[in-house]
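Colleague: The structure is given below, and queries will be raised subsequently.
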Amino acid sequence: MNTAIAVSNLEYRYHDGTAALRGVSFSVAEGECVALLGPNGSGKSTVLLHLNGILPESPAANGSVKILGQPLRTENLDRVRRQVGLLFQEPDDQLFCPTVEEDVAFGPEQLGIKGEALKALVAQSLSRVRMAGHERRATHHLSHGEKRRICLAGVLACEPAVLVLDEPTSDLDPRGRREFKALLREIPATKLIATHDLEMVVELCSRVIVLDQGQVVAEGPTLKVLGDEALMLKHGLEKPHSLQHPHPHRLLP
Ligand code: ADP
Ligand code: MG
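Next comes the structure, spelled out in C-alpha cells:
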C-alpha cells in the first residue's frame, strides 16, 4: 500500500510564539480514512493547513510533509496542492464567490477547465453533494449545512486524491450530520478528518491519531483507541456512546 500522507517530525510556531506543533509524525496510506482527534488547541487545524502548503508561509525545504511520495516544496507546491483537497473548519473562510456555480467552478477553472466540460463538472460535483440544481443560488443565502456541502463540491470538482477535512460535521444538526457522513462514505479518496464527532469516527474511520499539545499521544485502530476510556479522558476526549455498552458484534475485527 502506498503512502498518501507522510508527516515526519513536523514543527510549527505561530508568529506570536505559540508552539502549535512539536514534532508531529504520522502517515496515512492510500485509500485509508483516518481521524485526527484531540482537544481544542491541540494542533489539528495547524497540521491540516500544512498538508496543502497553506502553512508554513514559506514552504520548508526539509521535507517534513510528503504527499504521494513528493515532498511539499516551493517548486512543486502547485502540483501537490492539486492532489490535496482541504475543507476548512469554517465554510465562510472557503466560500468567496457570489453564486454556488461560480464557487464550485473556481477551482477547476484555475486548473484550466472551461466551457461545457466545466459546466458538466460543476453539475456532477453538485450532484455528488446532493445539491444538484442549486447553481444559481447566492452562497450567502445558504444554510450552514448547505454551505458545507458547496465547499465540499468545490473541493471535489478539483478531483483530489487526498481529502483533508477540518471538523466537517461541527455545527450541523443530526440530519445534516447523517447526510454529510453518507456523502463522505461515497468518496473513494484517501481521507484525513479532524473531528470531535466520535460517532462519525466509529462509522467511517478505521484508524485514529490523537494529538495533544502539538504532539501525537496515541495512534491505532479506532475501536481500540476510542474504547480506552482512561486515555480518552486524559486527552480531553470521551468514549463514544456507541461504545459505552458492549456490542460484541462491533468489537469483532
Ligand atoms: P485545533 O485545531 O486542534 O483546535 P489549532 O491547530 O487551531 O488547534 O491550534 C493549535 C495551537 O495554535 C493553539 O494553541 C492555538 O491557540 C494556536 N493558534 C492557532 N492559530 C493561531 C494563529 N493564527 N496565531 C497564533 N496562534 C494560533
Ligand atoms: Mg481546529
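Numbering (numbering that gives the first Met the number 0), first residue to last: 0 to 252.
Ideal placement from N, C-alpha and C gives every residue a C-beta, glycine not left out.
1) Can you tell me the Cα-Cα spacing of Val161 and Gly16, whole angstroms?
2) By DSSP, does Ser205 sit in helix, in strand, or in coil?
3) Looking at the unbroken alpha helix (DSSP H) that takes in Pro220, where does it start and where does it end?
4) Is Gln88 near the ligand ADP - that is, is its Cβ less than 8 Å away from at least one heavy atom of it?
5) For Asp170, which residues in the same chain have their Cβ closer than 6 Å to its Cβ, ignoring the five residues on either side in sequence?
6) Using C-beta distances below 7 Å, list every residue in its chain close to Val27, excluding the 5 sequence neighbours before and after it, in chain order.
7) Any heavy atom of the ligand MG closer than 8 Å to the CB of Lys233?
8) Short of 7 Å in beta carbon distance, which residues of its chain neighbour Glu237, apart from the five on each side in sequence? Order them along the chain.
9) Could you pull the start and end residues of the beta strand (DSSP E) that Glu10 belongs to?
10) What are the boundary residues of the alpha helix (DSSP H) that includes Lys180?
11) Tell me the DSSP secondary structure of Val161 in three-state form.
12) What is the rounded straight-line gap between the Cα of Pro70 and the Cα of Ala104?
13) Going by the DSSP bridge assignment, what does Leu36 pair with across the sheet?
14) What first and last residue would you give for the beta strand (DSSP E) that runs through Val27?
Modeller: Result, derived from the coordinates:
1) Cα to Cα, Val161 sits roughly 31 Å from Gly16.
2) coil
3) For Pro220, there is no enclosing alpha helix (DSSP H); the residue is found in the beta strand (DSSP E) stretching over Gln214 to Pro220.
4) yes
5) His143
6) Ala3, Ile4, Val33, Thr189 and Leu191
7) Result no, Cβ not under 8 Å from the ligand MG.
8) Met231
9) Glu10 -> beta strand (DSSP E) spans Thr2 to Arg12.
10) Pro173 to Glu185
11) The answer is strand: DSSP assigns Val161 an E or B state.
12) 28 Å
13) Val209
14) Ala18 to Ala28
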